[in-house]
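Heads up: the structure comes next, in structure tokens.
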Amino acid sequence: MLGGAVLILIGFLLMSGGSMKDPNVWDESVIYSPIRITLAPIVILAGIVLNIYAVFKR
605 MLGGAVLILI GFLLMSGGSM KDPNVWDESV IYSPIRITLA PIVILAGIVL
655 NIYAVFKR
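Residue numbers (my numbering): 605 to 662.
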């Protein structure tokens, strides 16, 4: 279950990463990067699935 929690934490860190260099400029490549909208949710779901598997395996 610790592995699942680590995956969930990594997913949230990937989703929150990155910031605007200038707060007055809107940079869509930072906000809508593939890491934030694709990879991070997949990592979070993998962590949840791993935790569910660990509960049922126990």
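Cβ coordinates follow ideal geometry from the N, Cα and C atoms, glycine included.
Review point. Which whole-angstrom value describes the C-beta separation of residue 612 and residue 656, a residue pair presumed to lie in contact below a C-beta threshold of 8 Å?
Key: Incorrect: roughly 12 Å between the Cβ atoms, too far for contact.
Review point. So, are the CB atoms of residue 624 and residue 644 less than 8 Å apart?
Key: no
Review point. When burial is assigned at 16 or more other CB atoms within 10 Å of the CB, is residue 615 buried or exposed?
Key: buried
**Study point:** Start and end residues, alpha helix (DSSP H) containing residue 661
**Key:** 644 to 661
Review point. Roughly how many whole angstroms lie between the Cα atoms of residue 627 and residue 607?
Key: 36 Å
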